[in-house]
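In case it helps, mature numbering (1 follows the signal peptide of the UniProt record, and there is no 0) puts the sequence shown at residues -20 to -1, 1 to 906. The block underneath contains the structure these notes are about, expressed in C-alpha cells.
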Amino acid sequence: MAVPFFLSVLLLLLCQHGSGRKLRKPLPCDEVDALQKIIVKLGLRELSTSRNYCSSETDDKFISFECGCNESTTNSWHITSLVASGVRLNGQIDKRLSNLTCLNKIDLSSNQLYGTIPESLGKLTRLQTLKLGYNQLSGQIPPTLGNLEALQTLELYMNFLHHSIPPSLGSLKNLTTLYLDGNMLSGQIPKELGNLLNLTSLGLSENRLSGPLPRELGKLSKLKALYLDSNNLTGRLPESFANLTSLLGFTVSGNKLSGEIPPFISNFQGLTYLYLMGNDFEGELPPGIFNLSGLEELLVSDLKNTSFRFPEIGNLTSINYLVLRNCSLTGGIPDYIGNNWKSLNYLDLSFNNLSGSIPQSLKNALRLSLTNNKLNGSIPPWILKRHKVDLSYNNFTGFIKDNITDPTNHNSTKVKTLDLGKPNRDSILALSKKCTSKHHSLFINCGGARTTAEGNPYDEDISTERFFSVPGTWAYSCSGDLTFTPCNSSDFVKNMTCGVSGERKLKDLNIVEMAKGPNEAWKTSFTAIVDDNPLEIHFFWAGKGSLDNPLALNGPLVSAISVTPNFNVHDGKLSASQIAGITIGCAFAPLLLFLFAWKMRLQGNRELREKQIEVQQNRSFTLQQIIDGTKNFSSKMEIGRGRYGVVYKANLPDQIKLAVKKISPPSEQREKDELKSEIGNLISLSHENLVQLLDGYSSKDLHLLIYEYMETGSLHKALFEQRHTNTETELDWRARFDICLGIAKGLNYLHEEEEKSIKIKIVHGNINAKNILLDKTHTAKLSDFGLATIYNEEDPFTAIKARGSRVYMAPEHALGKAITVKADVYSYGVVVLEIVSGRSNTEYIPNQEADFLLDTAGRLHQQGKFLNLVDKKLGSRFDNKQALTLLHLAMECTNQSPTLRPSMSEVVTKLSDMKASVPSSSSEVV
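Set out below in C-alpha cells:
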C-alpha cells in the first residue's frame, strides 16, 4: 500500500546498549493513543499507529519523531522528540501532548497553528526545547511553563499572544534563549527574568510592554542579544546594564526612554549593532561609541541637546549602516567617515545642523541622506553614481558642470533617486510650465489615483518615494525611509509630528489613539498664512517605520490632504462684452458640435466596416457585422458581466457564435493608452485552458475583446444553478478532476510558462466559478483574464488593487499587502473545494448565518472527516485517495501566508501525476 501523502513518520532509534546494538522496544499504550489524537489535531491525517511504532523507519519530509529509552524503565521506548517546522500545519496543539512525558524537544515553528498554548505542557519536565514561533497562537503564555526546569530554549515569537509575561518564567534556571518578540504582550517586564543567569538571548521587541526597564536584567552577564525595540517602555537605561559587557546586539528603538545615553555602552566592546532610534534621549552621544571597532550598525535619532560635534577621531571601522538623524549635530562632516570606514554603505545624517561641503571621502556610500542641514558649496560629480541620495533642504550654491539642473529631469542622470533641493521661489518658477495658474484650493489623494470625494477632485499621488509628474496644481511630494514597525500589532506608527510652512502644528500625535480603532478616519485642520511663498506640509515620523519591506509596499499614513480658502474668493463677474461673446459662442456651439460629431461618426463607421476579424480558418467578419450580431449591444444579448464591462453574444451567419466583451472606457487618457497596449498583449496569449481571444479593437471610445463562444456556460452554472433549472450539466468525478487540472494549467500558463511571447507574469485577480467556462467536452477555460495589473518579474512586490469577488479573495487583499500570483493560488483553492463538494463558498440559508465552505472544510479537516465534504450527488462514484488529495491541496492553497502556498506549477505536477489513476466516469470506487 502506498505511503499516505501527508504523513509518514521518521523514527530515529537513539538508545543503544552493549556493543552498539539498537534495541527496538514497544511504545506505551497511552502514548500511542495520545500520538494519534495529537497528529489529527495538528491538521494531519490520522495514522495507523501501534506499540511497534519505533520499529518503522520510513522517511517523511513533513514531520519527524524520535524514540528513545527511559533508563528507569527497561520494557518500553518513548517518544522523545517531535519536529514539524515549516510544513503548513493549520490545526491546534492538543493538550494530550503532555502525555508524551519523555519529550525533550518540540518544534512546531513556522506553521499556521491557532488556538491557545495548552497549560498541560507544563507537565513535560524533561523538555529542553520548545519552539512555537511564527504561528497564529493566541491567548496568554501559560504560567505553568515555569515548571519546565530542564528548558533551555523557549521561542514563542510572531504569534498573537497577549496579557502579561508570566513571572514564573523566571524559574527556568537553565534557559539560554527566550524569544517572545512580535506578539501583543502588555504590562511591565517581570523583574524575575533577572534570575535567568544562563540566558544569552532575550527578545521582547514588537509588543506593548510598558513601564521602566527592571534593573534586575543587569544580572544577565552572559547575555549576548537584548531586543527591546518597538514597545512603550519608559524611564532611563538602568545603570545595572553596565554589567552586560557580553552584548553583541542591543536594540531599544521605538520606545519612550529618556535621560542621557549612558557612557557604559562604550564598554560593550563586542557590540555589532546598536539601535537607539525613536526615543526621548537627551545630551550627547558618548564619544566612546565612535570607537567600537566591531560595530556594524548604529541607529540613533531624536537626541535632544543644544548641539554636539563628531569627535576628532572615530574608529567605527566595521560600520555598514549609520543613522544619526535629528541629533543636533553641528560642524562639518569629518573626512574619516569615508576615508577610514571602508564598509559604510548607508549614511543618514539628516535633520541636523551640519555645515560645510560634502567631503570627497563619502563617495563610497551607496545611500546618502543629508537632507535638512546647512551644507553648502557645490555638489560633487560622484553624487550621480550613487544608488540613492537626498540632499534637499540645504544651502548648495550650484552644480558641477553636467550635473542635474532641473530636479524634474530624470533623463540627465543614471542615479536611481536624487533629491537636490527643497522647493523655493526659483524652483517653483522653474515648474511654472506645469503650474500655469493660481489656485485657491488643493486636493491630494495621498498614495492613490485620481478620484472624487464630496464633490472635490483629488489629484493622484501614487509614488511612494517621489512625485515629479506634477498634476498642475502643486509641485511635488516626497517621502523618506521609515524604520522599526511591528509587523503584526496595531501600533504600526506611534507618533507623528506635522508642520505647515515651517510652523509645527502637531507634536507626537498618536494616530492609534486618535483614530479610535482600525479603518477609522480621523481628520484635523490647521490655519496657515500663505502670501507669495510655497505652501509646505511636512510630516515627520521620528524614525519609526519599516526597513524590512520594499519601499514599494510602504503606503501613506495620511490618506488625503485638502487645502481650502477661509476667505471669499473673487467671483470673477463678467463684463457685458464678455457675456455677449459667450452668448454668440453658445449659439453657434451646438451646430459646430453636430458637424464635428457627424464627421467623426463617418470616420468611425468606416473603420468598423473595414476592419476584419478572423473567427475561423479562412472565415472572417467585419467589426460592424460582429456588432450587428449583438444587436448593437442589446441587453437581450447580454450573457455576463465582468470587472471591466459587459459580455454579449454575437449571432453570425452559418450559426457561428462569438462572445464580445465591451469594455467600459477608462476616464484618463493614460489608462486608455495602457488598455490599448494590454489588448495587444492579450491577443498573443494562447492556451487550451484559456478562452481563446480571437482579436481586439481599441479606439477612443470603443474597446472590444472578441472571444470564442462557450456553449456550456460557466462552472458556476454547472455546479450551482442546475438545481434551479430543468437542464442539468452533470459533472461526474472524472470531469471534476479534469476541471481542477485544467484550471491549474491555465493559471500556470499565466503565472510561469516561458513559451508566452510576453515574458511577464500575469495575475488573473478574479478566479471564481463564474469566470471558468466549460466547452462541450467540459474542458475548463479561464475567462476575464489579462486585464488585471501585469507586473514584471523584477518587481514581485508591486501591489495590485483588489478587484476579485470577496468570497474568493486572498487575505492579503483585505490586509493591504502586496498581491502576487499567490493570490490566484488562494482563489484556486476555494474553487477546488467548491468542485469537490458541489457547494458554493457561501450558502445563504434564511434566518441563519452564512456558512462559509472554507470554515466547514477546516472543521472537517481537524476532525479527520474530510471525505464528508465530497458532493453527496456523487454517491460512492469517486476515488477516496484522489478526493483527499484534492481537498488537502485546496487547504494548502488557502494558507493564510502567501509564501506557504504552493505554486501553480507544483499543483499541475501533482495533479498530472495523479491523472492516470483517476477512474473512468462509469467506475464506482469506494
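Don't be surprised by glycine CBs; every beta carbon is placed ideally from N, CA and C. None of the values given here were measured: they were computed from a predicted structure.
key: N300 versus S210: straight-line alpha-carbon distance, rounded   = Just so you know, the alpha carbons of N300 and S210 end up roughly 23 Å apart.
key: Beta-carbon gap between R289 and G311 smaller than 8 Å   = At the C-beta level, R289 and G311 come within 8 Å of one another.
inquiry  = If I measure Cβ to Cβ from S885 and keep anything under 7 Å in the same chain, skipping five residues before and after, which residues do I get?
reply    = Same-chain partners within the cutoff: N728, E732.
message = Less than 7 Å between C-beta atoms, sequence neighbours within five positions excluded: which residues of the same chain meet that for S817?
response = The answer, listed in chain order, is L833, L849, V850, D851.
ask   = How would you label T544, buried or exposed, when you count the other beta carbons within 10 angstroms and need 16 or more for buried?
value = It counts as exposed.
ask   = Which parts of the stretch 296 to 359 are runs of the alpha helix (DSSP H), unbroken and 4 residues or longer, counting only runs that do not cross its ends?
value = Listed in chain order, the alpha helix (DSSP H) runs fully inside the stretch 296 to 359 are 316 to 319, counting runs of at least 4 residues.
request  = Report the partner residues of V640 according to the DSSP bridge assignment.
outcome  = Residue pairing from DSSP places V640 in a beta bridge opposite Y628, I686.
message = I need the boundaries of the beta strand (DSSP E) containing N285, first residue and last residue.
response = From DSSP, N285 is part of no beta strand (DSSP E); its letter is neither H nor E.
ask   = Would M894 be called buried (16 or more neighbouring beta carbons within 10 Å of its own) or exposed?
value = When all chains shown are included, M894 counts as buried.
message = Extract the residue ranges of the beta strand (DSSP E) inside the stretch 92 to 120, only unbroken runs of 3 or more that lie entirely within it.
response = Qualifying beta strand (DSSP E) stretches, in chain order: 94 to 96, 109 to 111, 116 to 120.
request  = Under 8 Å by Cβ, that's how I've got L254 and N235 pegged, so tell me the actual separation to the nearest angstrom.
outcome  = Not a contact, Cβ separation roughly 14 Å.
query = Do L674 and V595 have their CB atoms nearer than 8 Å?
reply = Less than 8 Å divides the Cβ of L674 from the Cβ of V595.
query = Considering only the beta carbon of each residue, do residue 955 and L265 sit closer than 8 Å?
reply = This structure gives no information on residue 955, because the portion of the chain shown stretches from -20 to 906.
inquiry  = Output needed for T431: all residues of its chain with C-beta closer than 6 Å, excluding positions within five of it in sequence on either side, in chain order.
reply    = Excluding residues up to 5 positions away in sequence, N425, Y438 lie with their Cβ nearer than 6 Å to the Cβ of T431 in the same chain.
task = With DSSP as the reference, label V805 as helix, strand or coil.
result = V805 falls in the helix class under three-state DSSP.
query = Starting from S181 and walking both ways along the beta strand (DSSP E), at which residues does that stretch end?
reply = Looking at the DSSP string, the run of the beta strand (DSSP E) that includes S181 is 181 to 183.
query = In angstroms, rounded to a whole number, what distance separates the CA positions of T81 and L840?
reply = Cα-Cα distance, rounded: 29 Å.
ask   = Counting along the chain, where does the alpha helix (DSSP H) carrying T889 start and finish?
value = Residue range 884 to 895 is occupied by the alpha helix (DSSP H) that includes T889.
ask   = How long is the line joining the alpha carbons of R68 and Q92, rounded to whole angstroms?
value = In a straight line, the C-alpha of R68 is about 6 Å away from that of Q92.
task = Starting from the C-beta of N295, find all residues in its chain whose C-beta is less than 8 Å away, skip the five residues before and the five after it, and write them out in chain order.
result = In chain order, F270, N271, L272, S273, N320 place their CB closer than 8 Å to the CB of N295, counting only its own chain and leaving out the 5 sequence neighbours on each side.
key: Outcome for S892 when other beta-carbon atoms lying within 10 angstroms are tallied against a minimum of 16   = Taking every protein chain shown into account, the CB of S892 has fewer than 16 other CB atoms within 10 angstroms, so this residue is exposed.
inquiry  = Looking only at its chain, what residues have a beta carbon closer than 6 Å to the beta carbon of V887, apart from the 5 residues adjacent to it on each side?
reply    = Excluding sequence neighbours, V887 sits near A724.
ask   = Roughly how many angstroms lie between the CA atoms of A630 and E701, to the nearest whole one?
value = Cα to Cα, the separation comes out at about 24 Å.
ask   = When we look at the beta-carbon of I293 and count the other beta-carbons within 10 Å, is it buried (16 or more) or exposed?
value = Using a 10 angstroms sphere on the CB of I293, the tally of other CB atoms stays under 16, which defines it as exposed.
Reduced DSSP secondary structure (H/G/I, E/B, other) of P192 = Correct three-state label for P192: strand.
ask   = If you compare alpha carbons, which of Q249, N374, I593 is closest to L632?
value = If we check each option's Cα against that of L632, I593 comes out closest.
ask   = So is C9 buried or exposed if we call it buried at 16+ other beta carbons inside 10 Å?
value = Answer is exposed; the Cβ neighbour count stays below 16.
inquiry  = With DSSP as the reference, identify every bridge partner of S166, one or two as the case may be.
reply    = In the DSSP assignment, S166 is bridged to R188.
task = Using alpha carbons as the reference points, say which of L128, D681, L730, I636 lies closest to S666.
result = Nearest C-alpha to S666: L730.
message = Based on DSSP bridge pairs, tell me the residues matched to S61.
response = According to DSSP, which records beta bridges pairwise, S61 is partnered with E46, K85.
ask   = What's the gap between the Cα of H744 and the Cα of P878?
value = Spanning the two alpha carbons is a distance of roughly 16 Å.
ask   = Is the CB-CB distance between K21 and D74 below 8 Å?
value = Between K21 and D74, the C-beta spacing is below 8 Å.
request  = Measuring alpha carbon to alpha carbon, tell me which of F601, E219, D315, N285 ends up nearest K199.
outcome  = Measuring C-alpha to C-alpha distances from K199 to each of F601, E219, D315, N285 identifies E219 as the nearest.
query = So, are the CB atoms of I363 and P339 less than 8 Å apart?
reply = No.
message = On the criterion of 16 or more Cβ atoms from any shown chain inside 10 Å, does Q862 qualify as buried, or is it exposed?
response = Q862 comes out buried.
key: Nearest-angstrom Cα separation, counted from L117 out to E46   = A direct Cα-to-Cα measurement between E46 and L117 gives close to 25 Å.
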